[in-house]
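Asks:
Protein chains: 2
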Amino acid sequence: MVKKMDSLESMRKSIDNIDNAIIAMYAERFRITNKIGLYKAENNLPAKDEQRESTQFQRVTELAAAYGLDETIARQILEKVIDCVVQNHRQIAENFRSS
Amino acid sequence: MVKKMDSLESMRKSIDNIDNAIIAMYAERFRITNKIGLYKAENNLPAKDEQRESTQFQRVTELAAAYGLDETIARQILEKVIDCVVQNHRQIAENFRSS
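Chain order of the listed sequences is B and A.
If you use my numbering, the first sequence corresponds to residues 71 to 169, in order.
If you use my numbering, the second sequence corresponds to residues 71 to 169, in order.
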């Protein structure tokens with residue numbers, strides 16, 4: 071039974087606070103991956119690096135287990151993030167070639 | 071031009087450190103949403119709450135703009151997270167009814 075003091079409103083306030091922190095983290099993460107995208111474009115490296123991705127999925131799966139987060143959820147979120155990163159890297163490479 | 075000192079390895083290390091923090095945040099976020107799932111099941115509330123989701127997308131869009139994160143990316147990630155949460159809430163409701 072969820073205690074009355076843990077009202078829906080109070081729990082949602084916690085979610086909102088956590089989302090503030092998560093968005094700040096992603097802002098910094100994409101700032102760095104965009105630099106990586108430029109580095110790749112300058113050095114003619116492919117936007118997608120399957121070996122790196124494999125390492126990342128392994129790390130995140132282990133971290134999820136350590137923190138008590140469902141591993142499938144952690145992997146699904148990372149997959150979405152990597153999709154966005156690769157799309158950005160392709161756009162950066164295109165802009166670099168046409169500049 | 072990306073400076074040489076910002077090597078690919080160094081930038082990837084930053085990404086890994088940020089991912090540690092993000093996974094820890096999600097672990098806490100899903101711990102709370104699972105409590106919300108139980109609260110909803112106990113109070114016979116639907117797993118999906120479109121009004122709440124609309125408020126969340128609005129908040130996250132504003133936060134992304136404030137932090138300099140691409141708003142479409144922020145919304146895509148939130149969409150994936152909410153999908154996982156709603157799936158969890160449905161499972162929790164099912165377990166609650168059959169207990």
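No residue lacks a Cβ here, since even glycine has one placed at the ideal position from N, Cα and C.
Could you name the residues of chain A that Phe100/B contacts, counting a contact when the two beta carbons are closer than 7 Å?
Replies: For this step, residue 100/B is matched to residue 30 along the first sequence. In chain order: Leu139, Asp140, Ile143.
Asks: Using 10 angstroms around the beta-carbon of Ala144/A, count the other beta-carbons present and answer buried if the total reaches 16, otherwise exposed.
Replies: In the second sequence, counting from the first residue as 1, residue 144/A sits at position 74. Buried is the call here.
Asks: Using a Cβ-Cβ cut-off of 7 Å (strictly less than) and excluding sequence neighbours within five positions of Val156/B, which residues of its own chain qualify?
Replies: Your numbering for residue 156/B matches position 86 in the first sequence. In chain order, Ala117, Lys118 place their CB closer than 7 Å to the CB of Val156/B, counting only its own chain and leaving out the 5 sequence neighbours on each side.
Asks: With the cut-off set at 7 Å, would you say Tyr21/A and Ala94/B are in Cβ contact?
Replies: It is not possible to answer for residue 21/A, since the shown part of chain A is limited to 71 through 169.
Asks: According to DSSP, simplified to helix, strand and coil, what is Gly138/A?
Replies: For the purposes of this step, residue 138/A is taken as the residue at position 68 of the second sequence. In this structure, Gly138/A counts as coil in the three-state DSSP scheme.
Asks: Quick test of your reading: Leu139/A and Phe166/B, contact by CB under 8 Å. State the CB separation rounded to the nearest angstrom.
Replies: Looking up residue 139/A in the second sequence gives position 69. Looking up residue 166/B in the first sequence gives position 96. Leu139/A to Phe166/B, Cβ: 22 Å. No contact.
Asks: So which residues of chain A does Gln161/B contact, with C-beta pairs closer than 9 Å?
Replies: Locating residue 161/B in the first sequence gives position 91, counting from the first residue. Per Cβ cutoff of 9 Å: no residues; Gln161/B is ~11 Å from chain A at best.
Asks: Thinking just about the alpha-carbon of each residue, which of Glu164/A, Ser168/A, Cys154/A, Ser169/A is nearest to the one in Thr103/A?
Replies: Reading the second sequence from its first residue, position 33 is the one you call residue 103/A. Taking only the C-alpha atoms, the option nearest Thr103/A is Cys154/A.
Asks: So for Glu79/A, helix, strand or coil by DSSP?
Replies: The residue labelled residue 79/A in the question sits at position 9 within the second sequence. Helix, per DSSP.
Asks: Should Gln126/A go down as buried or exposed, given a rule of 16 or more other Cβ atoms within 10 Å for buried?
Replies: Here residue 126/A corresponds to residue number 56 of the second sequence, with the count starting at 1. Buried is the call here.
Asks: When the Cα of Ile152/B is compared with those of Asn113/B, Val130/B, Glu79/B, Leu78/B, which residue comes out closest?
Replies: On the first sequence, position 82 is the one that residue 152/B refers to. The option with the nearest alpha carbon to Ile152/B is Val130/B.
Asks: Is the CB of Lys150/A under 7 Å away from at least one CB in chain B?
Replies: Taking the second sequence and counting its residues from 1, one reaches residue 150/A at position 80. Yes, Lys150/A counts as interfacial toward chain B.
Asks: At a Cβ threshold of 7 Å, is Ser168/A touching chain B?
Replies: Stepping through the second sequence from its first residue, residue 168/A is reached at position 98. No, no contact with chain B.
Asks: Quick one, are the C-beta atoms of Lys150/A and Lys83/B less than 7 Å apart?
Replies: Locating residue 150/A in the second sequence gives position 80, where the first residue counts as 1. Locating residue 83/B in the first sequence gives position 13, where the first residue counts as 1. Contact flag unset, no.
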